[in-house]
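Position one of the sequence shown corresponds to residue 69 (the working numbering), numbered consecutively onward.
Just so it is clear, CB atoms sit at the ideal spot from N, CA and C, and this is done for glycine as well.
Worksheet: the structure to be examined is printed underneath.
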Amino acid sequence: MNTTATGKRGNFAAAVDADTGPDATAFEAPYDWPAIDECVRTQGAAVVRGLVDRSLVDAFNRELDEWLENNPRTVGSDTGSGIYDLFLGRRTLRVHGVPGKVRASHDLITHPEIVACMRRLLAPWSNEILLSVAELIQIGPREAAQMIHRDTGSWWPHLPRQEHPWNASAMVALTPFTPETGATRVVPGSCHWPLDQSPRGDQIGRAVMEPGDALLFRGDVLHGGGANRTTDRSRRGIALSYCAGWLRPVDNNMLAVPPSMAAECSDELLGLLGYVAHDATRQGGGLVGMYDNGDPLKALRGGLLG
C-alpha cells in the first residue's frame, strides 16, 4: 500500500527480520465477533480462520491469472524514490485498482463479515465507510522483508490516534502465508505506541494463514510483508483497506471503476467505492461526496454520469 512507516530512518523503520514475538491471535469458526472486534481494537490485529470461502478464493485467483496473462506486469516499482521502491519490494508484484480489473474482487470487497467488522471498528469516527485500497500483493521468491510501517501514514500523520481506528484492513490469503513464503509480520499492541517507537525482534510476530484466512488489523498497527526465503513460490494476498466515510481514500476508486462500469455494480459496492454521498446530518454535520448538489448514486442510476 502507499504507506508511511515509523522509526529511526525518517519515514521508514529498519526491516528487522528476527521475528520471535507473539503471533497475531487466531479465531476459529463459529466466530465470536465481539471478541474478534475487541482483539483488533486492543491488540491491533486478529487472524480469522476460513473467513472467505475457498470457492471465492479460487474464482479470484483464476480471474486474476487470466488478467495478468492479458496484462503482463513486472515485479518491482519505479516511483523515482529508491527507498520507496525498496519499501514496495524489488521482487513483489502489486496491482492497484483491483475492482476495475477483476470482477471476482467485488464479492471480496463486499464480503458481509469483513464489511460488518470494518463498520464496527470505524463506527466511533464515522457512520459510513469507504474502500480505501484493494491491492493485490504477491511477494516473489527471494524477496527481502518489508520495512515495518503503519498504513495510516498515507494520510496526514498528525491525525489523532485514539482508542478506535479511522482506518482498518483485511489481508485475505490467496495462497499459503508461511514463515518461508513471507507471512505478514505484525507487532501486537503497537497501535498504542508513540510514533517514533521501533519494534524489537521479540515484539514482531507473524500471521500464518491458509487460503481463505484473513488478517484483520488496524491501520495504525505496525506490520509488513515477511521475507520470502523460497526459490520457487510466491505469496499472494489481497489487501482490502477501509477508511472513515469522510476521509479521502488512498486509491481513486471512482476512476478505477468509471460510471460505464459502475452502472453494472451493486449499490453496496458502489457505496464503498464512493458513489454515495456521506451523510453526517444526524451527527450535526453535513454531506460530502455529492454530485451536482445531490446523490451521486441517484445520478448514476438515472444515466446522468455517462
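Check whether the Cβ atoms of R304 and L263 lie closer than 8 Å to each other.
By one-based count along the sequence shown, residue 304 stands at place 236. By one-based count along the sequence shown, residue 263 stands at place 195. Going by C-beta atoms, R304 is not nearer than 8 Å to L263.
Less than 8 Å between the C-beta atoms of M186 and Y310, yes or no?
The count along the sequence shown starts at 1 and reaches residue 186 at position 118. The count along the sequence shown starts at 1 and reaches residue 310 at position 242. A contact, by the Cβ cut-off of 8 Å.
Inspect the beta-carbon positions of G89 and G273 and report whether they are closer than 8 Å.
To locate residue 89, count along the sequence shown from 1; it is residue 21. To locate residue 273, count along the sequence shown from 1; it is residue 205. Yes, Cβ-Cβ distance for G89 and G273 is below 8 Å.
In this structure, does DSSP put T74 in helix, strand or coil?
Indexing the sequence shown from 1 puts residue 74 at position 6. Model confidence at T74 stands at a pLDDT of 41, short of 50, so the residue's coordinates are unreliable; what they give is reported in the following sentence. T74: coil per DSSP, three-state reduction.
Whose C-beta lies closer than 6 Å to the C-beta of T93 among residues of the same chain, with five residues either side of it excluded?
By one-based count along the sequence shown, residue 93 stands at place 25. For T93, where only same-chain residues beyond five positions count, the Cβ hits under 6 Å are C107, A114.
For F213, name the three-state secondary structure that DSSP assigns.
Taking the first residue of the sequence shown as 1, we reach residue 213 at position 145. For clarity, residue 213 is Ala in the given sequence; the question names Phe instead. DSSP, read as helix, strand or coil, puts A213 in coil.
For L355 and A345, believed in contact at Cβ under 8 Å, the rounded distance:
Position 277 of the sequence shown, counted from the first residue, corresponds to residue 345. Position 287 of the sequence shown, counted from the first residue, corresponds to residue 355. In this structure, A345 and L355 form a Cβ contact; the two beta carbons are roughly 5 Å apart against a cut-off of 8 Å.
Taking the continuous beta strand (DSSP E) assigned at E203, which residues delimit it?
Residue numbering aside, residue 203 sits at position 135 when the sequence shown is read from its first letter. E203 -> beta strand (DSSP E) spans 197-207.
By how many angstroms is the C-alpha of T252 removed from the C-alpha of H226?
Counted from its first residue, the sequence shown places residue 226 at position 158. Counted from its first residue, the sequence shown places residue 252 at position 184. For H226 and T252, the distance between alpha carbons rounds to 26 Å.
Can you tell me where the alpha helix (DSSP H) holding M186 begins and where it ends?
Mapped onto the sequence shown, residue 186 falls at position 118. Note, M186: alpha helix (DSSP H), 180-190.
Apart from the five residues just before and just after A380, which ones in its own chain have a Cβ nearer than 8 Å to its Cβ?
With the chain covering only 69 through 374, there is no way to say anything about residue 380.
Please classify M329: is it buried, with 16 or more other beta-carbons within 10 angstroms of its beta-carbon, or exposed?
Taking the first residue of the sequence shown as 1, we reach residue 329 at position 261. Exposed: under 16 other Cβ atoms inside 10 Å.
Please identify the residue among P279, G357, R297 whose C-alpha is closest to the C-alpha of F128.
Along the sequence shown, one-based indexing puts residue 128 at 60. Out of P279, G357, R297, the CA that lies nearest to the CA of F128 is found in P279.
Given 8 Å, three or more beta-carbon pairs between the segment 206-225 and the segment 166-180:
A contact between stretches requires three or more CB pairs, one per stretch, nearer than 8 Å, and the segment 206-225 fails this requirement with the segment 166-180.
Using the beta-carbon count (16 or more within 10 Å), is N361 buried or exposed?
Here the question's residue 361 lines up with position 293 in the sequence shown. Burial state of N361 is exposed, judged by a 10 Å Cβ sphere holding fewer than 16 other Cβ atoms.
Is H346 helix, strand or coil when you go by DSSP?
In the sequence shown, the residue the question calls residue 346 occupies position 278. Three-state DSSP puts H346 in a strand.
Are F317 and L373 close, meaning C-beta to C-beta below 8 Å?
By 1-based counting over the sequence shown, the position of residue 317 is 249. By 1-based counting over the sequence shown, the position of residue 373 is 305. First, the residue type needs correcting, since residue 317 is Pro and not Phe in the sequence shown. Taking 8 Å as the cut-off, the Cβ atoms of P317 and L373 do not count as close.
Between the CA atoms of D87 and G352 - distance to the nearest angstrom:
Position 284 of the sequence shown holds residue 352. Position 19 of the sequence shown holds residue 87. Rounded to whole angstroms, G352 to D87 spans 47 Å at the Cα level.
Have a look at T147, S173, A184 and flag the residue whose alpha-carbon is nearest the alpha-carbon of L284.
Residue 284 sits at position 216 when you count from the first residue of the sequence shown. Nearest option by C-alpha distance: A184.
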